[in-house]
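Numbering (the numbering used here), first residue to last: 1 to 341.
Even glycine gets a Cβ: it sits at the ideal position worked out from N, Cα and C.
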Ligand code: SF4
């Protein structure tokens, strides 16, 4: 492979060609690019805490925290600072290097940010990276978070622009892109990904990946979720994603965004050990650890440990986002089923 650079102009035809290669070619390319940027035997561990739960006015069809759906989630007001610190210490003791805080709102009030900023300071004082998700931000709010030394702001695109109105009607894709632009303008790193299994087509998945690549810089963190169908939500009866299709999306994301941490997020607990292994080989290098993900169960820590031992994987000790490093990237060449390489 020759060397190439980070690209923001991938066409859908190019992305399709990468995705549809024979799986062995796709995995080989993704792994080659992955190991040019990261240690292939290390996986970053992040932890996710819901600091304010439920009663969200948005109507995301997949989310049990939406006020529009009747689910078992009990609304909880903003957590105390001490409780957040205790959770962050526990996450660090388990090996997390990033601590993500989620607040279920359409957009935060300035008073809510007043409560969140001391949490950011306290988590950073534990020498953990910080990530926050709390909906749409104004420029002033994003600047406040930058001054507070927040590392990452999470704002997911979820799916393609074409399919988005089927999933959420209380905001638009443009709203999402506007907040991402505001966050990047403030100098914060972006965590932005999506969910597979919402009923979207393959074309939607590829269009969603293209949208991510058009962010400049690329999101430094890309969570790839599998839907957690939750009783009481409109998507309660969705079928699970085909595991090989899931792996193909991960591999394609790795090839398109060489420097990003690609995270296996929601519903990792239902991915078999073998599927997770293929995802790691395809370039996934971040997971959420801990027993809960916002309001849902996550993989058990002891199960993760067993898998990591079998694979010889280790948790990454310190973050290495690679855009800052500027390593050369092998050029992906799409290969046909009969190409001998
Ligand atoms: S904005 Fe977030 S918390 Fe609110 S309904 Fe959507 S996914 Fe759930």
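Checklist entry - Cα-Cα, which of 82, 81, 128, 120 is closest to residue 317? => result Nearest C-alpha to residue 317 among 82, 81, 128, 120: 128.
Checklist entry - Taking the runs of the beta strand (DSSP E) that are 3 residues or longer, which of them lie wholly in the segment 95 to 159? => result Counting whole runs of 3 or more residues, the segment 95 to 159 contains the beta strand (DSSP E) stretches 98 to 103, 129 to 133, 152 to 154.
Checklist entry - For the beta strand (DSSP E) that residue 288 lies in, which residues bound it at each end? => result Looking at the DSSP string, the run of the beta strand (DSSP E) that includes residue 288 is 286 to 288.
Item to check | Whole-Å CB distance - residue 218 paired with residue 18, under 8 Å assumed | outcome: Contact between residue 218 and residue 18 does not hold, since their C-beta atoms are separated by about 16 Å, which reaches or exceeds 8 Å.
Item to check | Under the three-state DSSP convention, the category residue 172 falls into | outcome: coil
Item to check | Three-way DSSP call (helix, strand, coil) for residue 50 in this model | outcome: strand
Checklist entry - Three or more beta-carbon pairs under 8 Å between the segment 185 to 202 and the segment 150 to 162, yes or no? => result The segment 185 to 202, when compared against the segment 150 to 162, does touch it at the 8 Å Cβ threshold.
Item to check | residue 226: first and last residue of the uninterrupted beta strand (DSSP E) it sits in | outcome: 221 to 226
Checklist entry - What residue from 125, 63, 105 has the CA that sits closest to residue 92's CA? => result 125
Item to check | Contact set for residue 65: own chain, Cβ-Cβ below 7 Å, skip 5 residues either direction | outcome: 53, 54, 56, 73, 104, 295
Checklist entry - Given a threshold of 16 other Cβ atoms within 10 Å of its Cβ, counted over all protein chains shown, does residue 305 qualify as buried or as exposed? => result exposed
Item to check | Nearest-angstrom Cα separation, counted from residue 222 out to residue 1 | outcome: Because residue 1 carries a pLDDT of 46, less than 50, the predicted location of this residue cannot be relied on, and the following value inherits that uncertainty. So the alpha carbons of these two residues sit roughly 25 Å apart.
Checklist entry - Is residue 279 helix, strand or coil by DSSP? => result Of the three classes helix, strand and coil, the one that applies to residue 279 here is helix, per DSSP.
Checklist entry - What first and last residue would you give for the alpha helix (DSSP H) that runs through residue 85? => result 81 to 93
Next on the checklist: Let me check understanding here. Comparing Cα to Cα, which of 60, 229, 116 lies closest to residue 270?
Outcome noted: 229
Checklist entry - Would you say residue 61 touches ligand 1, meaning its beta carbon is less than 6 Å from a heavy atom? => result Checking every heavy atom of ligand 1 against the Cβ of residue 61, none is found closer than 6 Å.
Next on the checklist: Could you tell me the alpha carbon to alpha carbon distance between residue 26 and residue 283, rounded to whole angstroms?
Outcome noted: Computed Cα separation, rounded: 11 Å.
Checklist entry - Are the Cβ atoms of residue 224 and residue 61 separated by less than 7 Å? => result no
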